[in-house]
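Scroll down for the structure; my scribbles are underneath it.
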Amino acid sequence: KYKQTKEQALTFFQEHPQYMRSKEDEEQLMTEFKKVLLEPGSKNLSIYQTLLAAHARLQAL
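Written as structure tokens, this is what we have:
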């Protein structure tokens, strides 16, 4: 499970490298990530899906 989670996170950050280049962008992503985790129904999301949802929220701002 840990290896799969790590691979999913790595895949997300390879697809969205801007979060690796900017501390501010990374912090915003993590803030949205935490909000997604608190939502009902998010328990069944993978780490990749959760990061993607957080990313989508930031794009909508």
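So the number in our numbering is just where the residue sits in the sequence shown, counting from 1, plus 4.
By construction, the Cβ of each residue, glycine as well, lies at the ideal position given by its N, Cα and C atoms.
Since the model is a prediction, treat every value here as computed from it, not as a measurement.
Note on geometry: alpha-carbon atoms of Phe37 and Leu55 lie some 6 Å from one another. For Phe17, same chain residues with a beta-carbon under 7 Å away, outside a window of 5 residues either side, are Tyr23 and Met24 in chain order. When the alpha-carbon of Val40 is set against those of Gln63, Ser26, His59 and Glu11, the nearest one is in His59. The distance from the Cβ of Leu33 to that of Leu62 is about 6 Å, consistent with a contact at the 8 Å cut-off. Ranked by Cα distance from Lys7, the options Ala57, Leu65, Ala64 and Ile51 are led by Ile51.
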